[in-house]
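For reference, the structure is listed below as structure tokens.
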Amino acid sequence: MADNLVIVESPAKAKTIERYLGKKYKVRASLGHLRDLPRSQMGVDTENNYEPKYITIRGKGPILQELKKDAKKAKKIYLAADPDREGEAIAWHLAHQLGIDIESDCRVVFNEITKDAIKESFKNPRPINMDLVDAQQARRILDRLVGYNISPILWKKVKKGLSAGRVQSVSLRLIIDRENEIKNFVPEEYWSISGQFTKDSITFEAAFYGDAKKKLKLTNKAQVDEILGQLKGDKFDIASVVKKERKRNPAAPFTTSSLQQEAARKLNFRAKKTMMLAQQLYEGINLGKEGSVGLITYMRTDSTRIADSAKEEAQSFIETMYGKEFVTPSKAAKKETNKTQDAHEAIRPTSVMRPPAAMKTVLSRDQLRLYKLIWERFVASQMAPAILDTVTMDLLNGDVRFRANGSQVKFPGFMKVYVEGDDDKEEEKDRILPPLEEGQQVDYSEIDPKQHFTQPPPRYSEARLVKTLEELGIGRPSTYAPTLDTIQKRGYVTLDAKRFIPTELGEIVHQAVNQYFPDIIDVEFTAEMEKGLDNIEDGKIKWVEVIDDFYQDFEKHVQVADAEMEKIEIKDEPAGEDCEKCGSPMVFKLGRYGKFMACSNFPDCRNTKAIIKPIGVTCPTCKEGQVVERKSKTKRIFYGCDRYPECEYVSWDKPVARPCPKCENTLVEKKLKKGVQIQCTECDYKEDPQ
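Letter by letter, the sequence shown follows residues 8 to 697 in the working numbering.
Right, dumping it as structure tokens:
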């Protein structure tokens, strides 16, 4: 037996680390937590300082026994779980189970799985950080108190299988609030006037800005007609030309949440998939002669800090590949949130000398795409700002002012490698204006007035919801992916065109929680609770105080809800047809994933089948029936009237539950390559894609 036993979480890491450390070290994997709160009961003694009752996780007994055998033979034991709260708690649990003194130098942490990083970390072992452990333990107990008190009430009052949680319930609230905003949105009319202008055979575009003194908004056609009536002749005077040089700085390297957002925008990855692939890249990829090597640093972080050695390597690479002018001086990284785990670095490649092109033969397609994103973002973050020449030109015809904006990349800087995506803005593109000076004249060949209508806010995509949760200070970056997964598995929301839509079940659960547990879904309250957990980590407050401060009031709400919440009876609705197996009437039931059709003679007859799905739109043809979602023989979704065959209305595009603001006809959702666009079926009305 080797002199030293090292315990990590993952078997993939164990093999790599053992190779780096040599024969004197035996590396074993715990496969995550070995003990936790019991699933069958609360497991928290609320009468005794919230003492948790930990048990060995079912199925982990044999692993624990093997670790105990190895521990008895080892002279020194190192606990090398992941470098975060969760990893610190795993190390603490292992120390208790293996009889290790938590104040001894037993804890080893590393941010990347490379030979140098591993060897350096074993030169600097430390005791277990109990502030980190207490912060994780407080979060676990807090979530258990919320979930195991509210969920049984929902089971009793609504239906079995439901759950509620702090971050989960706030996420559901945000989705429902946004849906209500969309339903209640009233479009407002506005107009724009664009013009095509020419000088020396060069054509450019400008838009109406206002009069000679101020900017004006156009809200109706009468205003537009008045403006057009003021134009005299076909020439405009150049009233002013303002030229400026603008710098654009690169985005910081990735944090967990920014990686999830950008992978959704650029790669179309779900948050869960992004984290799974990042875990694989972190734990190690077989590079042939080099063996298994971790390609990126630890992927659960909210820090944008970069190690000096990584900066130096990146700047040397940039100078060699692109030239000295593309290198930027080192600057201190800014914190992305108020609470940053600065023991961590940002997510970056462990070596910039492994460019994506060199990894094609060892990575799967999706691993390569994510690695390329991380590599390019990091390299760009260490490059010089881009320099853009911008021009703002005002054109006057009498008292009517048009404005043209132009920009041109003078020096690409970081943009040569990578440009950050944005949900709301288009990427920077060259818009070149002719070299005009104040006092010159230009001709206009076309003036094009257009009617527009304000649009409702878009539904949340995963990326947009993660960004919102982070901005509000709700949850931790590592919790976003499992939270979004949970609200879908519970049937509270569905994804349509990659946007979250609340289900009927989600609305019912939200109303119940909102009425009796308003603090749980209150954004500010939940954010303050996160600050309390951070204060535990910083050693500013004891975890029992934070839990007690919450539970004393929460317990009263639980008692009131249990006594006063009326049972919500989700009645079975007649389906209007008989069971083809036994002849009994079929009914609509509300299940985990929405409504389905079942035989009323259950349990004697267990016949069930999918139902056509109403979308809440009155049939535009007969004005009596409801439009429902159907599937063709090839499983393609289409929409038709539920009065078929009396009404033969069908559409491949999903109708919208509001009329066209321009002509009052039917609006439909047109699926484009990038998002969904709402269009009118009769006139030229279109909304910007979402």
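Beta carbons are placed, not taken as given, at the ideal position from N, Cα and C, and that holds for glycine. What you are looking at is a predicted structure, and each value in this text was computed from that prediction instead of being measured.
The beta carbons of P484 and T262 sit closer together than 9 Å. Between the alpha carbons of Y523 and G168 lies a distance of about 19 Å.
Collapsing the DSSP output to three states places E511 in a helix. A Cβ-Cβ separation of about 7 Å places I543 in contact with D138 under the 8 Å criterion. Separation of E689 and C670 (C-alpha to C-alpha, rounded to the nearest whole angstrom) is 8 Å.
Taking the Cα of T63 as reference, the smallest distance to any Cα among D52, P45 and M49 is reached at P45.
Note that the C-beta distance between P621 and E196 is not below 9 Å.
Beta-bridge pairing by DSSP links Y85 to V13. When DSSP states are grouped into helix, strand and coil, Q684 belongs to the strand group. If you check the CB distance, P456 and K228 come in under 9 Å. Annotation: the continuous alpha helix (DSSP H) that includes E477 extends over E469 to L479.
Spanning the alpha carbons of F557 and L152 requires a straight line of approximately 10 Å. For S452, the enclosing beta strand (DSSP E) starts and ends at Q448 to F460. For Q566, the enclosing alpha helix (DSSP H) covers residues W550 to E571. In this structure H103 does not touch H40 by the C-beta definition: roughly 12 Å separates them, more than the 8 Å allowed. For N55, no beta strand (DSSP E) encloses it, and the DSSP letter there is neither H nor E. In this structure, the straight-line span from the alpha carbon of G420 to that of I109 is close to 49 Å.
Looking at the backbone, the Cα of T490 and that of T308 are separated by about 17 Å. In the pairwise beta carbon analysis, the stretch 208-219 is classified as not touching the stretch 391-399: fewer than three pairs are separated by under 8 Å. Judged by DSSP secondary structure, G623 falls outside any alpha helix (DSSP H) and instead within the beta strand (DSSP E) spanning K620 to T625. In this chain, the alpha helix (DSSP H) harbouring Q175 covers R173 to K190. Within the DSSP secondary-structure output, T615 pairs in a beta bridge with A605. Put simply, of A504, K538, E580 and S414 the residue whose alpha carbon is nearest the alpha carbon of R255 is S414. Exclusion of the five residues before and after S264 leaves V473, E477 and P484 as the residues of its chain whose Cβ lies within less than 6 Å of its Cβ. Around the Cβ of P134, a 10 Å sphere holds fewer than 16 other Cβ atoms; the residue is exposed. Between E269 and R384, the C-beta gap is smaller than 9 Å, which places the two residues in contact. For S170, no beta strand (DSSP E) encloses it, and the DSSP letter there is neither H nor E.
Excluding sequence positions up to five before and after E573, its CB lies within less than 8 Å of the CB of K164, all in the same chain and listed in chain order. Under DSSP, the beta-bridge partners assigned to K251 are T397. For Y197, the enclosing beta strand (DSSP E) covers residues E196 to K206. By the CB criterion at 9 Å, L597 and I619 fall outside the cutoff. By the Cβ neighbour-count rule, C648 is buried, with 16 or more other Cβ atoms within 10 Å of its own.
The distance from the Cβ of P666 to that of V675 is about 12 Å, inconsistent with a contact at the 8 Å cut-off. Boundaries of the beta strand (DSSP E) harbouring R408: V407 to F418, taken from the DSSP string. Linking T226 to P194 through their CA atoms gives a straight-line distance of about 12 Å. A distance of 9 Å or more separates the beta carbons of G623 and E653.
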